[in-house]
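Encoded as structure tokens, the structure appears first; notes follow it.
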Amino acid sequence: MLLALFPIILSLSLSGFVEAQRPGNIIPEVHPPLSWQKCTSSGSCVAQAGKVVLDANWRWYHTQYSSSYACYDGTWHTELFANEEMLNQTCGLEGIPGYSEFGITTSGNALRLQFVTHPSGSQSPNVGSRVYLMADDNTYAIFKPLAQEITFDVDMSNLPCGIAADIHFAEMAADGGIAESGGWNTAGAKYGTGYCGAQCPRDVRFIQDHINWNYAPPQTPGFGSCCAEMDLWQANSFSTAVTAHPCTTQGRYKCQDDECGASAPSGIRYNGVCDPDGCDFNPYRMGNPSFYGSGKTVDTTKKLTVVTQFITDNGTPSGSLVEIRRKYVQNGVTISNPHANVLRVSTSFDSIKSEYCDQQKAAFADVTSFQAKGGLSTLGAAFYGVPNG
Ligand SMILES: *[C@@H]1O[C@H](CO)[C@@H](O)[C@H](O)[C@H]1NC(C)=O
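Have a look at this one:
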């Protein structure tokens, strides 16, 4: 699951012409409801009636003239459109016929994601999903987590090695990019558009002011969609990490060539605008092999509660981000993150702080891209708010 930006995160007409990165005209989009709560430190909570939406990449994208011609199905069918204007006029994104067929179900405040499913009418299985928490049917939920904490429960008991569950914040536009698209994106958050991340993914169909249709070889390599990212939960039943990824750019950034970093066609990983590695705290990597896992201090055979705190230098949301702190709650007991226990990292550290990142990168001989892209304070500035964000 993927949560749109920063406090926490998570129509169809049969007329002849519809709108491009536009909605299609066959399947209405109905978002599964997902409730959550906004709480104050005094403990009073207000229920939020959220919804979830599946990312645009999972959708049927076809010409309005014939439902049997896909505009994109792994390759762009450029025989159907000579240029971006034609694509815009021709192709539309459809609603999801049944979220459960993609393994996505909600019940009250619970979201369940299954990995491999077999949607009816599709010859190939669906593998994985990426969903966003919405404030309403046309707007992603936006979180501004500085001087706040975010808490969710997870059940990792069925998640083996080789697969990871992911919950993160990405610096996406609340409307899915409609406003900054200059008329190219009329589908927006309702259809799950506008993804970006610190790996600068190139497989997104719409980036800022363009349809990203010319990216795939053998066509001209196109663009990647970069933005700051905060990985709250990347885990399975064996391992877990919390990771911060700043970028030198603000908001969404359409990268090309080497500035795409992790997704650069040249393979040059560290010349990009974002930090692809991040500064992470993984208890196992940091020398605590008996902390997290089956039957361990945090027991992944059972449901557990994950708390992530974003601490600023002056204790207010306008302060500078100086620490990201993790706690767990299980069986009514609060469990602190363990302290670092590896050579050349001070055992005083049990959270992500600048000095911790410096020592950890040096200890593991990792590239200091986190520091080079601005570190915690730059990620904090993205949380605080960006133009168009
Ligand atoms: C794309 O198509 C829509 C619907 O026809 C139109 O409103 C919009 O202006 C077009 N965008 C561009 C950039 O031409």
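If you read the sequence shown in this note's numbering, its first letter stands for residue 1, the second for the next number, and so on.
Where is the CB? At the ideal position from N, CA and C, for every residue including glycine.
Should residue i be listed as close to ligand 1, given that the test is whether its C-beta is under 7 Å from any heavy atom?
i: Q208; result: no
i: E85; result: yes
i: Q64; result: no
i: W184; result: yes
i: N212; result: no
i: R22; result: yes
i: N25; result: no
i: Q256; result: no
i: Q199; result: no
i: Q89; result: yes
Who are residue i's beta bridge partners in DSSP?
i: H62; result: A70 and G92
i: S35; result: A49
i: C227; result: The partner list for C227 (beta bridge, DSSP) is empty, contrary to what the question assumes.
i: D166; result: Q234
i: I150; result: T308
i: W76; result: Y72
i: F206; result: I211
i: L321; result: T312
i: E326; result: The amino acid at residue 326 is misidentified as Glu; the sequence shows Arg. Answer by DSSP bridge pairing, in chain order: T308.
i: N57; result: For N57, which the question treats as bridged, DSSP gives no partner whatsoever.
On the CB-based measure, 16 or more other CB atoms within 10 Å of its CB, does residue i come out buried or exposed?
i: L343; result: exposed
i: Y356; result: buried
i: N288; result: buried
i: P218; result: With a pLDDT of 45 at P218, under the threshold of 50, the modelled position of this residue cannot be trusted, and the question is left open.
i: R112; result: exposed
i: H118; result: exposed
i: Q64; result: buried
i: K353; result: buried
i: Q148; result: buried
i: V127; result: exposed
i: G108; result: exposed
i: V306; result: buried
i: T220; result: Because the pLDDT of T220 is 49, which lies under 50, any placement of that residue in the model is unreliable, and the number read from its coordinates should be weighed accordingly. Exposed: under 16 other Cβ atoms inside 10 Å.
If you follow the beta strand (DSSP E) that residue i is part of, which residue opens it and which one closes it?
i: S281; result: For the record, residue 281 in the displayed sequence is Phe; it is not Ser. Residues C279 to F281.
i: A135; result: V131 to D136
i: Q114; result: Careful: Q114 lies outside any beta strand (DSSP E) and carries neither H nor E.
i: K296; result: It is not in any beta strand (DSSP E) - K296 carries neither H nor E in the DSSP assignment.
i: C255; result: Y253 to Q256
i: A179; result: No beta strand (DSSP E) holds A179; DSSP gives it neither H nor E.
i: V446; result: In the structure as shown, the chain begins at 1 and stops at 389. Residue 446 is therefore absent and cannot be evaluated.
i: T249; result: Premise fails: T249 is in no beta strand (DSSP E) and is neither H nor E.
i: S44; result: Premise fails: S44 is in no beta strand (DSSP E) and is neither H nor E.
Which first and last residues belong to the alpha helix (DSSP H) in which residue i is found?
i: L376; result: G375 to Y384
i: Q359; result: S354 to A363
i: A264; result: Unbroken run through A264: none, as it is neither H nor E.
i: A372; result: S369 to A372
Could you tell me how far apart the beta carbons of residue i and residue j are, in whole angstroms, since I believe they sit closer than 8 Å?
i: C196; j: A170; result: 6 Å
i: P246; j: G375; result: 6 Å
i: T248; j: K373; result: 5 Å
i: P283; j: N337; result: 7 Å
i: L321; j: L133; result: With a Cβ gap of about 22 Å, L321 and L133 do not count as contacting.
i: A47; j: S66; result: With a Cβ gap of about 44 Å, A47 and S66 do not count as contacting.
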